[in-house]
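>
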Amino acid sequence: GPTNKTLSISPDVTNPAYRAVTFDELVDAYYEQIKGGVEGGVDILLVETVFDTLNAKAAIFAIEEYFENSGREPLPVIISGTIVDQSGRTLSGQTVEAFYISISHCKNLLAVGLNCALGAKQIYPHLKVLSRIAEVFVSVYPNAGLPNEFGEYDDSPESMAEVVEKFAQDELVNIVGGCCGTTPEHIEKFAKVIQNYKPRRLPEPVRYLRLSGLEPLVITPETNFVNVGERTNVAGSRKFANYILSGDFQKALEIAREQVENGAQIIDINMDEGMLDSEKAMTTFLNLIASEPEIARIPIMIDSSKWNVIESGLKCLQGKGIVNSISLKDGEEEFIRRAKKVLRYGAAVIVMAFDEQGQAVTFEHKINVCRRAYDILVNKVGFPPQDIIFDPNILTIGTGIEEHNNYAVAYIEATKWIKANLPFAKVSGGVSNLSFSFRGNEIVRRAMHSVFLYHSIKAGMDMGIVNPGQLDVYEEIEPRLRELVEDLILNRKPDATERLIEYANALKESKIDKKVKTIAWRELPVEQRLKYALINGINSFLELDLDEALAKYSNPLEIIEGPLMDGMNEVGNLFGSGKMFLPQVVKTARVMKQAVAYLEPHIQKSLKKEFAEPKKNGTILLATVKGDVHDIGKNIVGVVLSCNNFEVIDLGVMVPAEKIIEEAKKNNVNIIGLSGLITPSLDEMVNVARELERAKMNVPLLIGGATTSRVHTAVKISPCYSSPVIYVQDASQSVPVANSLVNPQQKNDFVKKIIQEYEEIRRNFEKKKEFNIIPFERAKENRYKFSIQEAQIVEPKFIGVKHLIDYDLEEIRRYINWTEFFLAWEMKARYPQIFEHPKFGEEAKKLFAEANTLLDEIIKNRWLKANGAFCLFPANSLGEDIEIYDQSLKSLKATLHFLRQQTRKEGNKPNYSLADFVAPKGSGYVDFIGAFIVTAGIGAEELSQDFKNENDDFRAILVKILADRLAEAFAERLHERVRNEFWGYESKNLSTDELLKEKYRGIRPAPGYPAYPDHTEKQIIFELLDGTNSLGVSLTENYLMKPLASVCGLYFAHPEARYFPVGKIDRDQVLDYKQRKGMSLEEVEKWLAPILIYK
């Protein structure tokens, strides 16, 4: 059992470093239990209901220690974790994959599984994840549902058996049972339903280095270089050492957090300091990290030359970390003893190229030590080769000592040899050692690190201990400096050291890294220079000019309220008059943010309390409503309002009504703005309005987003809230509307005008409500009549499912719809004619150039990843459904559900349904249909956040818009390949313009759009294509795709297939649809609400 103590969480909220039990105490307790169980005759050891993985690691340690000490034959072990809620994490915060990685070192591991906490239905998605990654058998024994208000369990044997049968159908499990609330009747039912299914097959083992914190880090051949943060090292960072020595662990944690935010994928922690109790400091710091999820999510590298310190650290890690390091320095016997211990604690290991003769400095010595250590670890210890990381010693060059000149070359050559001769082993190193000779000259050191990494990574270096925030881009290093550094690192010239020292000295004197070109506007007074920089989005001279302004102004706040706000006011005027455009405004905001961030410490030091902040126009709270994760438009509105001197409180996405009300009250906001992109968000906005009314709020409500409209706002939202409710079409409208609402002289007249306008809209809506709806039966009779001659059915060249992982972004890029890109920036003109537009042609050219520059960087640095999948299968229509079959036509793979137009048609026009474009069942013809999912958004959210953290709102928004465009481009490219290559019913070479104008046969409708309005149909597409597991794309509870830059849909090949709006439908069709979908009426009406003719 899990025990009633936890090693990863403090029971005292005031002391997060405290633990109620130690690792050794738990090992002793488990040891006694294991001894009693084994001696009593048990057949299997089950470590179950694991809510803290570190507890389970103590149990594994005890199991292995017992069998080693007793000499008995080891027994099989099963480890079963507990996911505590729908977030998919254990109580101590690990994901399912991180949990599995953390315990997978257990010897004789028969199975890994999940039990307790959740019912069978709730446990299913987490079981799917475990089944995909586990290289051992998988077990599951869920509760009989979730406890009701009386603490009882409601899932019957029959209802649970249905879900358990799905476990078996999907080949997810090998062992099934029941936990809390289940009875012998439950188990009997389980046994009955699974008896006709094959158990899950074990996947082929994959030899990847798998590490974990709260989240997994899997290093595959495709993984880019892994940054190991170096600043949490008392020997390498004076600042960190001072914090630790003074006992200021909170400040030390900030350094760890900065490392993670700067891109470290692992953090190296070292407490080797003569004046420090290193064991205690290591334990305290690691316990504190465990309480900081944003740090604890990545793996830890425990770095020490003292074995007792390493062990004390290993006893604190619930994830799978890395030991840095062991070596043959103390002989083979001690090396083996330590390696066995590392294996028992469940860590990977760094092996230093060091033996009884000393540190390896030559190529020959390095490879001899590494070969010997590898053979010992793999053949004598049984250490997994993929968990071995060699450090062939990065040593200091440029010392003036000739023997040192070839140190970097020896490392690079040794790295090549290790990768070629020691299968699955990894290579690492401490990069900053290289440049110690140039301490004090940061520019040279950064260049040396970047050039060295460039060549080492090409040789096969997998990871390195480096400050990720202190690296230059190889191509961007000043060419002369790069050449000199390369001469030194590659030992190309005997005088390389002298020449680099000479250059470094000249660099210090002339400070050429801070060259300032003399430009006309640079001759202006400092106030005008700051204003010019803001309006033009230039940050190159910002700190220089701010320093000058600080010397001139006694109160730093005056700089913000004076020249900076003058610039912002000018931006607001230009934008409002249409002389400035969104991209420019966003760049302006970036400069303003950077300026304020630079001035902030000066303000804190010198300002009195009464000058705390410049006066704002007002405070606006923005939120994307619950169930919706789209935020590009909201972010743009936030930036524009900020530029117009509003304080913006952005609550982000998926925000429930209660949170909106709570934050609005707490911050005493003047306006609330709601955003949403998908149709279910419309209902949620109505709900928010009702909740605001119930809370007796009196704050104006702004409504915006792609699916919102003036009519919906007036008819559905406004009547639910007695305060003003105003539809805002785009970012440019947000400023005049907000200004009118906060201006006492304008507000009453403005609101009165809106009320009158919305009353008129409601009256007109009531008049138009008499839609010409016909009975559903008549609509079906007036369907589009399928003709085999018109259909021209072509059997696909490929039938089945195909996944396209890490698709070439350069290929996709050619299919970008740039007109839609400019529309996202509210620049309404066609591409490429937009470049000649009299109003914003010049800005469009700049934006286009910047977008392509960022695209170049994205593709070169692999910042975004595109995955896709499609399937082609036989199909027939059955009424308004389409049945999809396997290739043999014997098995039904899925059923798609469609709606039919129900408004009266003039003349001979049919009432269309998408099902009409597939041959009917019973017609004697087999037709075909396809489905697809594509994403170009893997990495987009993180990259956008990185830019945001750097106060670069422009690029933060730009990357999201580009990801969206790449996803749509991917959909276009894949459809072209399907038509020409995989289905093969067409072989046209169309231009990009012709493709975007859809001058081809066939359509690809997407769920949630007018012809296919039901978002829930996405689930069927995802099941057909295994979208979540194979592509990294998932569906939220409201059927939004994550990453957001994702598209899914269907392929129809019928020459007459077309896009059309289903339009309004009546209750008779809804009742039919409910029956076909197997959903409740309430659920169907929820998803189809925008198109229902009735309330």
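Just add 51 to wherever you are in the sequence shown, counting from 1, and you've got this note's numbering. Here a beta-carbon is modelled for each residue, glycine too, at the ideal position from N, C-alpha and C.
#1: Would Q437 count as contacting chain C if we go by Cβ distances under 9 Å?
#2: With 16 other CB atoms within 10 Å as the buried threshold, where does A71 fall?
#3: I think I154 touches V163, with their Cβ atoms under 8 Å apart; what is that distance to the nearest whole Å?
#4: Mapping DSSP to helix, strand and coil, what is K217?
#5: Note the first and the last residue of the continuous beta strand (DSSP E) segment covering V128.
#6: Our contact map puts E324 next to L296 with C-beta atoms below 8 Å; I'd like the distance itself, whole angstroms only.
#7: DSSP has S1131 in a bridge; who is on the other side?
#8: In angstroms with no decimal places, state the Cα-to-Cα distance between R951 and S964.
#9: Report yes if the C-beta distance between I353 and Q316 is below 9 Å; otherwise report no.
#10: Whole angstroms are fine: how far does the CA of R1055 sit from the CA of I844?
#11: Let's see if you can read the secondary structure: which residues bound the alpha helix (DSSP H) around N587?
#12: Just to confirm my understanding: we take I806, look at its own chain, exclude 5 residues before and 5 after, and list those with CB closer than 7 Å. What are they?
#13: Buried or exposed: N430, going by 16 or more other Cβ atoms within 10 Å of its Cβ?
#14: Apart from the five residues on each side of it in sequence, which residues of its chain come closer than 6 Å, Cβ to Cβ, to F968?
#15: Can the beta-carbon of G232 be found closer than 9 Å to that of E203?
#16: Using a 10 Å radius around the Cβ and a threshold of 16 neighbouring Cβ atoms, would you call P344 buried or exposed?
#17: Assign G588 to one of two classes, buried (16 or more other C-beta atoms within 10 Å of its C-beta) or exposed (fewer than that).
#18: Please work out which residues of its chain come closer than 7 Å, Cβ to Cβ, to I37, disregarding the five sequence neighbours upstream and downstream, and give them in chain order.
#19: By alpha-carbon positions, which one of P847, I825, I700, K685 ends up nearest to S783?
#20: Would the beta-carbon of A895 fall within 9 Å of that of D1015?
#21: What do you reckon, are the CB atoms on A875 and S928 nearer than 9 Å?
#22: By Cβ distance below 8 Å, which residues in the same chain neighbour R533 in space, the five residues on each side in sequence not counted?
#23: On the three-state DSSP scale, how would you describe T675?
#24: Once the 5 residues before and after A757 are set aside, which same chain residues still bring their CB inside 6 Å of it?
#25: For the stretch 369-450, which segments carrying the alpha helix (DSSP H) assignment without a break, of at least 4 residues, lie completely within its bounds, in sequence order?
#26: Taking 9 Å as the cut-off, decide whether the C-beta atoms of Q369 and S131 are in contact.
#27: For the pair the stretch 735-745 and the stretch 757-773, tell me if three or more CB-CB distances fall below 8 Å.
#28: Of all the options P256, A674, W1138, which has the alpha carbon lying nearest to the alpha carbon of P734?
#29: Would you report the Cα separation of L268 and L262, rounded to the nearest angstrom?
#30: Give the straight-line distance between the Cα atoms of E1049 and Y1110, rounded to the nearest whole angstrom.
#31: Whether or not the stretch 1008-1024 and the stretch 1120-1127 are in contact is what I'm after, with contact meaning three or more pairs of Cβ atoms, one per stretch, closer than 8 Å; do they touch?
#32: With 16 as the cutoff for other CB atoms within 10 Å, does G755 come out buried or exposed?
#33: Is the Cβ-Cβ distance between P731 and A1140 less than 9 Å?
#34: Output the residue ranges of the alpha helix (DSSP H) runs that lie fully inside the stretch 831-873 and measure 4 residues or longer, sorted by chain position.
#35: To which residues of the same chain is E464 closer than 8 Å at the C-beta, ignoring the five residues directly before and after it?
#36: Let's see if you can read the secondary structure: which residues bound the alpha helix (DSSP H) around P272?
Well, looking at it:
#1: Reference to chain C is not applicable here, since this structure consists of a single protein chain.
#2: exposed
#3: 7 Å
#4: In this structure, K217 counts as helix in the three-state DSSP scheme.
#5: 128-132
#6: 7 Å
#7: Note: S1131 sits in no beta bridge, so no partner.
#8: 4 Å
#9: no
#10: 17 Å
#11: 577-587
#12: none
#13: exposed
#14: F1103, H1105, A1108
#15: yes
#16: exposed
#17: buried
#18: For the chain, the structure presents residues 52 to 1146; residue 37 sits outside this window and is missing.
#19: K685
#20: No, the Cβ-Cβ distance between A895 and D1015 is not below 9 Å.
#21: no
#22: A498, V502, Y525
#23: strand
#24: L728
#25: 383-396, 414-426
#26: Their beta carbons are not under 9 Å apart, which means Q369 does not touch S131 by this criterion.
#27: yes
#28: Inspection of the sequence shows that residue 734 is occupied by Asp rather than by Pro. With distances taken between Cα atoms, D734 lies closest to W1138.
#29: 5 Å
#30: 11 Å
#31: no
#32: buried
#33: yes
#34: 839-842, 860-864
#35: F414, A510
#36: For P272, there is no enclosing alpha helix (DSSP H), as DSSP marks it with neither H nor E.
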